[in-house]
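Mapping the sequence shown onto this note's numbering, position 268 (from 1) lands on 786, and the numbers just tick up by one.
Have a look at the structure below, then the notes.
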Amino acid sequence: MAKNVKEYIRENESRFLNEWFSLIRIPSISAEPAHKADMTACAERWRELLLEAGADEARLMPSSGNPLVYAEKRISPDAPTVLIYGHYDVMPVAPLELWKSDPFEPEVRDGRVYARGADDDKGQSMIQLKAFEYMVREDSLRHNVKFILEGEEEIGSPALNAFLQEHRELLACDVILVSDTSMLSPDLPSLTTGLRGLAYWEIEVTGPNRDLHSGHFGGAVANPINVLCGLLDRLTDENGRITIPGFYDDVEELSAEERRMLADIPFDEERYKSAIGVRALKGEAGYSTIERNSCRPSFDVCGIWGGHTGEGSKTVLPSRACAKVSCRLVPHQQHEKISQMLVDYMASAAPDYVTVKVTPMHGGEGYVCPIDLPAYKAAEAGFAKAFGKRPLAVRRGGSIPIISDFEKILGVKTILMGFGLESNAIHSPNENFPLEMFRRGIEAVVEFHRELKW
Numbered sequence: 519m520a521k522n523v524k525e526y527i528r529e530n531e532s533r534f535l536n537e538w539f540s541l542i543r544i545p546s547i548s549a550e551p552a553h554k555a556d557m558t559a560c561a562e563r564w565r566e567l568l569l570e571a572g573a574d575e576a577r578l579m580p581s582s583g584n585p586l587v588y589a590e591k592r593i594s595p596d597a598p599t600v601l602i603y604g605h606y607d608v609m610p611v612a613p614l615e616l617w618k619s620d621p622f623e624p625e626v627r628d629g630r631v632y633a634r635g636a637d638d639d640k641g642q643s644m645i646q647l648k649a650f651e652y653m654v655r656e657d658s659l660r661h662n663v664k665f666i667l668e669g670e671e672e673i674g675s676p677a678l679n680a681f682l683q684e685h686r687e688l689l690a691c692d693v694i695l696v697s698d699t700s701m702l703s704p705d706l707p708s709l710t711t712g713l714r715g716l717a718y719w720e721i722e723v724t725g726p727n728r729d730l731h732s733g734h735f736g737g738a739v740a741n742p743i744n745v746l747c748g749l750l751d752r753l754t755d756e757n758g759r760i761t762i763p764g765f766y767d768d769v770e771e772l773s774a775e776e777r778r779m780l781a782d783i784p785f786d787e788e789r790y791k792s793a794i795g796v797r798a799l800k801g802e803a804g805y806s807t808i809e810r811n812s813c814r815p816s817f818d819v820c821g822i823w824g825g826h827t828g829e830g831s832k833t834v835l836p837s838r839a840c841a842k843v844s845c846r847l848v849p850h851q852q853h854e855k856i857s858q859m860l861v862d863y864m865a866s867a868a869p870d871y872v873t874v875k876v877t878p879m880h881g882g883e884g885y886v887c888p889i890d891l892p893a894y895k896a897a898e899a900g901f902a903k904a905f906g907k908r909p910l911a912v913r914r915g916g917s918i919p920i921i922s923d924f925e926k927i928l929g930v931k932t933i934l935m936g937f938g939l940e941s942n943a944i945h946s947p948n949e950n951f952p953l954e955m956f957r958r959g960i961e962a963v964v965e966f967h968r969e970l971k972w
């Protein structure tokens with residue numbers, strides 16, 4: 519007798535957790551070369567789990583970077599195909615001292631799994647795997663399913679675009695399904711209908727040919743840290759707008775209807791401030807908080823260093839100062855165009871008493887998903903089944919650069935069916951994922967497969 523999905527989850531949850539934890543224990547940090555072997559080990563573990571879940575084949579595929587995991591389940595050559603995308607790499611764990619438990623030894627506390635990758639993206643990808651497993655074992659799939667799991671999403675997916683170009687036929691599908699985004703709250707299920715793009719740079723300011731004594735040279739020689747801070751400060755004005763000439767040329771203004779829909783989203787600003795420990799919010803004038811963090815561009819200094827940063831004092835005028843900076847972009851803004859804009863702007867703004875070097879790093883375009891797609895409607899039905907209410911359509915401020923590449927190269931839309939929460943602390947110490955969201959996520963994805971009509 520067929521089991522309903524709740525029963526299946528309950529009876530197999532111990533196994534699900536063991537398999538999930540086996541992935542988490544592999545420190546697959548793509549940003550750190552010391553973990554190169556761990557990347558392959560994690561990909562191999564995913565290959566094993568995909569076969570155990572019911573894939574007809576699963577294999578590691580080489581790229582110019584870390585290997586990708588490809589798997590498929592063939593129902594019929596005449597049936598449509600869903601391609602499920604996820605990533606097995608994770609962010610670095612520093613600062614390690616802020617973790618309450620070992621980031622690569624998962625620990626269940628208060629109904630949540632705490633570990634690096636618990637949510638992003640091993641936990642959410644595991645939801646997809648277990649929904650697929652249920653559909654296979656209950657002989658319920660009516661369409662073909664393919665999986666592609668990459669190991670470089672957290673560093674901008676540098677190898678994936680070329681991989682898509684090379685394997686376009688292998689990855690051919692009718693829709694792509696991704697669980698790597700978040701919901702408003704457990705009581706406010708939501709589907710992500712848009713993502714911001716990203717441009718990222720490293721800026722280096724060099725002054726004297728060596729570190730100098732600040733008493734002997736201070737006041738006579740430009741300090742690269744002071745200059746860098748001044749240049750960064752001028753990149754936004756008093757109204758929170760980015761000052762790079764031409765930056766807003768391709769920004770599409772929100773329609774009155776879109777602004778009304780965003781205003782209807784329940785949002786408690788005091789609770790928002792309290793959750794992140796700030797007394798006030800700051801952003802582009804004329805826009806609400808939800809508009810600023812999802813539908814408008816932004817500029818941020820992501821890291822800055824130079825001079826003496828160790829214990830004690832050292833009266834030094836440093837030779838060099840560096841910063842890593844990023845812009846979140848909105849649909850229609852091309853990251854390569856924006857990237858060059860900053861390079862040109864900094865070259866024109868650099869004073870002659872320092873040398874300024876700007877190195878573009880990774881980036882990607884924004885994405886918008888139409889809400890009238892049959893696959894979107896199936897995702898709505900999945901959320902309604904699992905959470906008891908129809909999900910809101912919400913644009914999110916994060917970036918998954920490869921989503922726009924999927925559309926350009928494979929010619930299909932992506933459904934962003936994510937189950938993360940702001941409290942899950944992705945990219946931060948004590949990343950976590952609620953077990954209840956894990957269970958509901960599996961149920962929602964199962965319903966997606968059942969409800970999907972073509």
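Note that CB positions come from ideal geometry on N, CA and C, so glycine has one too.
One alpha carbon belongs to P704, the other to L847, and they sit about 28 Å apart. The DSSP-derived three-state label of R577 is strand. Contact check for L695 against M935 passes: the beta carbons are separated by less than 8 Å. Distance from the CA of M609 to the CA of R634, rounded to the nearest whole angstrom, comes to 7 Å.
For the pair G764 and P580, the Cα-to-Cα distance works out to about 40 Å. Every unbroken stretch of the beta strand (DSSP E) spanning 3 or more residues and falling wholly within the segment 793–856 is given here in chain order: 816–824 and 838–847. Using a C-beta cut-off of 8 Å, the segment 632–652 makes contact with the segment 540–560, since at least three inter-stretch Cβ pairs fall below that distance.
Distance from the CA atom of R914 to the CA atom of I808, rounded to whole angstroms, is 9 Å. V861 is bridged by DSSP to nothing; it lacks a bridge partner.
Take H850, set aside five residues on each side of it, and the residues of its chain with a beta-carbon closer than 8 Å to its own are D768, V769, E770 and G884, in chain order. Distance from the CA atom of F905 to the CA atom of L702, rounded to whole angstroms, is 13 Å. With a cutoff of 8 Å on beta-carbon distance, E575 and A589 are scored as near each other. Under the rule that a run must span 3 or more residues, the beta strand (DSSP E) segments found entirely inside the segment 617–648 read 625–627 and 630–632.
Note on L601: 16 or more other CB atoms within 10 angstroms of its CB, so buried under the neighbour-count rule. Between K664 and T599, the C-beta spacing is below 8 Å. Judged by DSSP secondary structure, A902 falls within the alpha helix (DSSP H) whose first and last residues are P892 to F905. Counting the other CB atoms within 10 Å of its CB gives H734 a total below 16, which places it among the exposed residues. Boundaries cannot be given for N942, as no alpha helix (DSSP H) includes it and DSSP labels it neither H nor E.
A direct Cα-Cα distance of roughly 12 Å separates G583 from A555.
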